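The opening residue of the sequence shown carries number 19 in the numbering used here; numbering runs sequentially from there.
In this text, a Cβ means the ideal position worked out from N, Cα and C, and glycines have one as well.
All values reported here derive from a predicted model rather than from experimental measurement.
To keep things clear, I will list the structure first and then write my remarks on it.
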Amino acid sequence: MPLIDAIRAAADDPETLERLYRNDRKGFARDYGPALDHSGPIYGCWKARLGGGGAGPFALKGRRMWVLVAFCLLSGAIAKAFTWELGYFSQDRQFFSASMTPFAAMLGFTLYQRSWPRKATLVSILLTAVVWGWVVLFPDGWSDTRTLCVLFAPFVLWSAYGVARVGDDLGNLPRRVEYLQFFGEFILVSIILTFCGGVLVLLSVLLLRLLELKSAFAFEYLAVFGGAAVPVVAAWATDRYSAAGRLAPLVAQLFAPLLLIVVVAYMAAAAVNAGTLFTNRNELLTYNVLLLCVLGVAVFSLTGMRGERSSLTARRIILWLLALTTVLDLVGVAAIGWRVWSFGITANRLAVLGSNLAIFGNLLVMARRYFHHLYRGEDLAVAEASLARYLPVYTAWTMAVFFLFPFIFRY
C-alpha cells in the first residue's frame, strides 16, 4: 500500500501514524499534508512536530536557546583551560581532554533535548567519562597500545552518542537507522559550520590588523570557542533543519559513481602490483581509507533511499559498489592476515584485521540484502534493519580494542 494511503487509513490511529513516521520519516513528511484533514487536530499536531509551524520539538526558543548558549560557552571555556600549561597532565593528554570537551557538550545538550532518558543518560555519560579517564590515566610504559586507544576512542564515543540518541529502548532498529541518517547529516553540517567559522576568524584577523590591534586574540579565543561550539550547534541544526535526511544521501549518491570508478581503478592497479598490498604498509593504509569512504557512502545512500525515486542505474551502482568493495575487503583481509603470519601478532595488526573482518561482514550483509531488494522485490526496510542489527558488532570490537588490548599486549 502506498504511504499516502496508509496515512489516510490510519488518520484516527496515533500509534499507527507514529509507526509509519518512524519507518519512513521523509516519506511521511512529504505525504502527511495531502493525506490528513487540515482542519483536524491530528494534522495540527504533526505540523507542529515536523516544524511546519515554525516550532517543532527542536525550535531554538526561550530556555532551550540559553541552554544551548551555556553548553557552547562552557565547552569553549573548558577546552581553553586545557590549552594552558596546567602541570597535571602531559601536553598530549591535555590535547585529548580539550578535544573531548565539545563531544561532552554535544552529548549533554542532546540528552537535555530528550529530557534526560534514565538508562541512556547513565550509560552514555558513564562510558564517556570512562573513555576520558582511561586515556588520561593510561600507563606511560604502554605507548603503542595507548596510541591505538586514542585512535579507537572516537569510535567508542560514537557508540556512546548513539546510546544517547536511540534512548532507553536500545533494541529499537528504526531509531538506530535514524541515528545513521543523523550522523551523515551531522558530518556535512559540521563541515559547513567549520568553514563558515574559519572565514569569520580570518575576517576578524584581517580587521584587527587593519586597526593595528593584536590579532592573536582571534586565534586564541575565537577559534577555540567557535571550534568547541561547532558540534553542539551542528547537532541541534541537524535535528532542526536536516531531520528529513536529504543532504547526506544526495551527496552520497552523487559521489557513488565516482567512487565506483576509483574502486575499479584501484582494483586494476592492485591486480598489476598484487604484492605491494601485502608488503607496503602505506598501501594498506590507503586501502583502509578507501574502504571506510566506500562504506560510508553505501550506508548513507542505503538509509536515505527509502521514499526516494532513484533510477535503476543509480541503484545498480550502489550494488556494484558494495559487491566490488566486498571483494576488495576480502583481498585486504588476506593481506593483513599474511602480515600477521609473516611478522607475528601485534596490537595494531590484530586491531586492523578485526576491524576489516567486521567491515567485511557488514558489506556482505548489505550487498546480500540490497540484491534481494533490487531483484527480488524485498522491502528496503529489511536491508536497513540488517544494517541496524550489525551496529553492535562494531561497538563490541571497538570496546575490545580500547579496553582489553592494552592488558593483553602491555606495550
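For a test of the three-state rule: what should DSSP assign to Thr157, helix, strand or coil?
Checking the sequence shown, residue 157 turns out to be Pro, not Thr. Correct three-state label for Pro157: coil.
So, under 8 angstroms CB-CB, Phe420 and Ala171 are touching, yes? Tell me the CB distance rounded to an integer number of Å.
7 angstroms
Could you check if Cys214 is buried or exposed, using at least 16 other CB atoms within 10 Å of its CB as the buried criterion?
exposed
Spatial neighbours of Val269 within its chain, please: C-beta separation below 7 angstroms, excluding the five flanking residues on both sides.
Leu206
Along the chain, where does the alpha helix (DSSP H) containing Arg132 start, and where does it finish?
Segment: none, Arg132 is in no alpha helix (DSSP H) and carries neither H nor E.
Classify Ser233 as helix, strand or coil using the three-state DSSP reduction.
coil
Starting from Ser360 and walking both ways along the alpha helix (DSSP H), at which residues does that stretch end?
Leu330 to Phe361
Take the Cβ of Gly80 as the centre, count every other Cβ of all protein chains shown within 10 Å, and call the residue buried at 16 or more, exposed below.
exposed
Using only the heavy atoms of the ligand SAH, determine whether one of them is closer than 7 angstroms to the beta carbon of Gly45.
The ligand SAH is not part of this structure, which contains no ligands at all.
State the DSSP-derived secondary structure class of Tyr429, mapped to helix, strand or coil.
coil
Compute the distance between the beta-carbons of Leu188 and Val149, then report whether it is under 8 angstroms.
no
Between the stretch 91-105 and the stretch 114-122, do three or more beta carbon pairs fall short of 8 angstroms?
yes
Closest residue to Thr146 among Leu276, Leu169, Phe121 and Val281 (Cα-Cα distance):
Phe121
Would you kindly work out how many angstroms separate the C-alpha atoms of Lys232 and Phe273, rounded to a whole number?
43 angstroms
Hey, quick one: how far does the alpha helix (DSSP H) through Val307 stretch, first residue to last?
Arg299 to Thr321
Check whether the Cβ atoms of Leu371 and Val358 lie closer than 8 angstroms to each other.
yes
Expressed to the nearest angstrom, what Euclidean distance is found between the alpha-carbon atoms of Ala234 and Ser108?
24 angstroms
If contacts are defined as beta-carbon pairs under 8 angstroms, then Ala253 and Met124 qualify, I think. What distance do you get, rounded to the angstrom?
5 angstroms
Answer yes or no: do Thr343 and Val312 have a C-beta to C-beta separation smaller than 8 angstroms?
yes
DSSP three-state label for Asn291, please.
coil
Since Pro369 and Leu166 should fall inside the 8 angstroms C-beta cutoff, what is the C-beta to C-beta distance between them, to a whole number of angstroms?
A small correction: the amino acid at residue 369 is Ala; Pro does not occupy that position in the sequence shown. With a Cβ gap of about 6 angstroms, Ala369 and Leu166 count as contacting.
Spatial neighbours of Gly350 in its chain, beta-carbon cut-off 6 angstroms, leaving aside the 5 residues before and after:
Tyr305 and Asn374
C-alpha gap between Val400 and Pro192, whole angstroms:
11 angstroms
Integer Cβ distance of Val168 from Val153, believed to fall under 8 angstroms:
6 angstroms
Along the alpha helix (DSSP H) that carries Tyr259, what are the first and last residues, could you check?
Ala241 to Tyr259
Excluding five sequence neighbours on each side, which residues of the same chain lie with their C-beta closer than 6 angstroms to the C-beta of Gly74?
Caution is warranted here: a pLDDT of 48 is assigned to Gly74, below 50, making its placement in the model unreliable, and no coordinate value can be reported.
Can you tell me which of Asp162, Pro32, Ala28 and Ala178 puts its alpha carbon nearest to the alpha carbon of Ile426?
Asp162
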